[in-house]
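Report on the following structure.
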Amino acid sequence: MKTVLITGAYRGLGFEVARQLSARGWEVILAARRKEQGAAAAARLQNASFLELDITSDDSVARAAKSVSELDVLINNAGIILDGDDDILKVRPELVARTIETNALGALRVSQAFLPQLFRSSAGRIVNVSSGMGQLSDIATLSPAYSISKTTLNAITCVLGAALKDRGIAVNSVCPGWCRTEMGGPTAPRSAEEGAAGIVWLAADAPQDKTGLFWRDKQVLPW
0 MKTVLITGAY
10 RGLGFEVARQ
20 LSARGWEVIL
30 AARRKEQGAA
40 AAARLQNASF
50 LELDITSDDS
60 VARAAKSVSE
70 LDVLINNAGI
80 ILDGDDDILK
90 VRPELVARTI
100 ETNALGALRV
110 SQAFLPQLFR
120 SSAGRIVNVS
130 SGMGQLSDIA
140 TLSPAYSISK
150 TTLNAITCVL
160 GAALKDRGIA
170 VNSVCPGWCR
180 TEMGGPTAPR
190 SAEEGAAGIV
200 WLAADAPQDK
210 TGLFWRDKQV
220 LPW
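Numbering that gives the first Met the number 0 numbers the first residue of the sequence shown as 0 and each following residue consecutively.
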């Protein structure tokens, strides 16, 4: 049985990824800041447990890493969007910094902390849930803090992928598309099930030698 840890997994896309992997018989660790909601979400699944984890806190991440002995796949799903329809001409730099701290540096912090467990796996993987809004070749102008944070996350994927390639750990970014979740809203064109499918594929089924890439619907996207 493989073990996966998913950040921000008590609702939305993260929970749907957890549900799909649990249905495959995986051991699923749902990690989140909100203890009550996280524990309730884990109780709804088979082979699932909750881990309290604040990805913006070094101490919280270190404590969480000490409590996990085995890990095959890390899915960095936790994220925030704070700037809505703001544009780059008006967005406050401190809001950009706060968004990067969670969406990009949080993923880096967690990845670094859980590397010892991933090194022990026969086929360790890190999946960073990104967005097409961070795609430099087709950059968006709205929600600049969110877009910049996802571009930064993609850069982390590239560098981590290069650093870990010879260690056998695959590191990839994935765009799930605009999904009907609490963050995506009710008018999004994709269901959470559809968005989660690409994440699950990278976690469980993609070739291990595919690393340092940006994916959507099992296809490589340009950065």
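A virtual CB, placed ideally from N, CA and C, is assigned to each residue, including glycine.
Find the nearest neighbour of L126 within the set N75, P185, W25, judged by alpha-carbon distance.
Reading the sequence shown from its first residue, position 127 is the one you call residue 126. In the sequence on display, residue 126 carries Val and not Leu. The residue with the shortest Cα to Cα distance from V126 is N75.
Are the Cβ atoms of I0 and G24 separated by less than 8 Å?
For the purposes of this step, residue 0 is taken as residue 1 along the sequence shown, with counting starting at 1. For the purposes of this step, residue 24 is taken as residue 25 along the sequence shown, with counting starting at 1. Residue identity check: residue 0 is Met in the sequence provided, not Ile. A contact, by the Cβ cut-off of 8 Å.
Would you please state the rounded distance, in angstroms, between the beta carbons of N102 and L152? I believe it to be under 8 Å.
Counting from one through the sequence shown, the residue named residue 102 turns up at place 103. Counting from one through the sequence shown, the residue named residue 152 turns up at place 153. Right, the Cβ-Cβ distance comes to about 6 Å (below 8 Å), so this counts as a contact.
Does DSSP put W113 in a helix, in a strand, or in coil?
Position 114 of the sequence shown, counted from the start, is the residue given in the question as residue 113. The residue asked about is misnamed: residue 113 is Phe in this sequence, not Trp. F113 falls in the coil class under three-state DSSP.
How should A22 be labelled, buried or exposed, when 16 other C-beta atoms within 10 angstroms of its C-beta is the threshold for buried?
Stepping through the sequence shown from its first residue, residue 22 is reached at position 23. By the neighbour-count rule (16 or more Cβ atoms within 10 Å), A22 is not buried but exposed.
Assuming L12 contacts A203 under a Cβ cut-off of 8 Å, what Cβ separation, rounded to an integer in Å, is found between them?
Translated into positions along the sequence shown, residue 12 becomes position 13. Translated into positions along the sequence shown, residue 203 becomes position 204. In fact, because the Cβ distance is near 16 Å, the residues do not count as touching under 8 Å.
Please report how far the alpha carbon of V60 lies from the alpha carbon of A112, in whole angstroms.
Reading the sequence shown from its first residue, position 61 is the one you call residue 60. Reading the sequence shown from its first residue, position 113 is the one you call residue 112. Using only the alpha carbons, I get a separation of about 7 Å.
Is Q116 near the ligand GTP, in the sense that its beta carbon is under 7 Å from a heavy atom of that ligand?
In terms of ligand content, the structure shown is empty, and the ligand GTP therefore cannot be addressed.
Given that a residue counts as buried once 16 or more other Cβ atoms are within 10 Å of its Cβ, and exposed if not, what is D57?
Locating residue 57 in the sequence shown gives position 58, counting from the first residue. Exposed, since its Cβ has fewer than 16 Cβ neighbours within 10 Å.
As a quick exercise: from I54, A8, T55, E26, pick the residue whose alpha carbon is nearest that of A39.
For the purposes of this step, residue 39 is identified with residue 40 of the sequence shown, where counting begins at 1. Looking at the Cα atoms, A8 is the closest of the given residues.
Hey, quick one: how far does the alpha helix (DSSP H) through N153 stretch, first residue to last?
By 1-based counting over the sequence shown, the position of residue 153 is 154. Its alpha helix (DSSP H) spans residues 143 to 163.
Express the C-alpha separation of T2 and I168 in angstroms, rounding to a whole number.
Here residue 168 is taken as the residue at index 169 of the sequence shown, counted from 1. Here residue 2 is taken as the residue at index 3 of the sequence shown, counted from 1. Distance between the alpha carbons of I168 and T2 is about 15 Å.
Could you tell me which residues DSSP pairs with T2 in its beta bridges?
Position 3 of the sequence shown, counting from 1, holds the residue named residue 2. Note: T2 sits in a beta bridge opposite E26.
Can you give me the C-alpha to C-alpha distance between V158 and N171, rounded to a whole angstrom?
Translated into positions along the sequence shown, residue 158 becomes position 159. Translated into positions along the sequence shown, residue 171 becomes position 172. Answer to the nearest angstrom: the Cα atoms are 10 Å apart.
Identify whether Q134 lies in helix, strand or coil by the three-state DSSP scheme.
Here residue 134 refers to the residue found at position 135 when the sequence shown is read from its first residue. Of the three classes helix, strand and coil, the one that applies to Q134 here is coil, per DSSP.
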